[in-house]
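Inspection log for the structure reproduced underneath, given as structure tokens.
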Amino acid sequence: MPSHLGHVHLKVTDADRAVEFYRDVLGLDVTERVGRYAFLSFGEHHHDLALQGTGGAGDDAPDPREARTGLYHSAWEVDDAAALRAVAERLAARGVAVSPVDHGISKALYFDDPDGNGVEVYLDTRAERDVEAWDGRNERFDPFSL
1 MPSHLGHVHL
11 KVTDADRAVE
21 FYRDVLGLDV
31 TERVGRYAFL
41 SFGEHHHDLA
51 LQGTGGAGDD
61 APDPREARTG
71 LYHSAWEVDD
81 AAALRAVAER
91 LAARGVAVSP
101 VDHGISKALY
111 FDDPDGNGVE
121 VYLDTRAERD
131 VEAWDGRNER
141 FDPFSL
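In UniProt numbering, the protein residues as written are 1 to 146.
Encoded structure:
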């Protein structure tokens, strides 16, 4: 049986734009570029995220904004509230629309990357709140007050 998720692979219309976004917003480093592919990592593995440039219109990549089944979002955990606030600040500086949601077990920022792929950056708050399971809570919070 698998022990963990190895990486996420996204098809994007512009690999350079996507690299800049994931590097500057989430702090990933480029480990390798091969043609229209880019591999990014937080440092422990060769890559946590693979980006495949599609070349734009006419390519076979599905439009990620279409209402369809499939990937809803990729989720990226941060270590502390300061890191979550820093991501919120970087997103605000780029003019990215963000939905901050307090789930009781986590505080999360939901947003789209430049190609419309859903992204979640979250802080696990189960230990500090002594809560083990999600109770269905979805309340807005101010990420700049963290």
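Ideal placement from N, C-alpha and C gives every residue a C-beta, glycine not left out.
### Message
When you compare the stretch 23 to 35 with the stretch 72 to 92, are there three or more beta-carbon pairs, one atom per stretch, that lie closer than 8 Å?
### Response
yes
### Query
On the premise that His7 lies in contact with Gln52, defined as a C-beta separation below 8 Å, what is that separation, rounded to the nearest angstrom?
Incorrect: roughly 12 Å between the Cβ atoms, too far for contact.
### Task
Output the boundary residues of the alpha helix (DSSP H) element that contains Glu44.
First-last for Glu44: undefined, no H or E at that position.
### Query
In three-state DSSP terms, what is His133?
Inspection of the sequence shows that residue 133 is occupied by Ala rather than by His. Reduced to three states, the DSSP call for Ala133 is coil.
### Query
Hey, Arg85 and Gly104 are a contact pair by Cβ (cut 8 Å); roughly how many whole angstroms apart?
Their Cβ separation, rounded to whole angstroms, is 19 Å, which puts Arg85 and Gly104 out of contact at 8 Å.
### Task
Pick out whichever of Asp16, Phe21, Phe42 and Gly43 has its Cα sitting closest to the Cα of Val34.
Asp16
### Message
For a minimum of 3 consecutive residues, which ranges assigned as the beta strand (DSSP E) are wholly contained in the UniProt domain "VOC" (4 to 124)?
### Response
8 to 12, 29 to 34, 37 to 41, 49 to 53, 74 to 77, 99 to 102, 106 to 112 and 118 to 124
### Query
Measuring CB to CB, does Phe21 end up less than 7 Å from Asp113?
yes
#### Entry: Spatially closest choice to His4 from Gly95, Asp48 and Phe144, by CA coordinates
Asp48
### Message
If the criterion is Cβ atoms closer than 7 Å, does the pair Phe111 and Val96 meet it?
### Response
yes
### Message
Please identify the residue among Glu120, Gly55, Phe144 and Arg90 whose C-alpha is closest to the C-alpha of Tyr72.
### Response
Glu120
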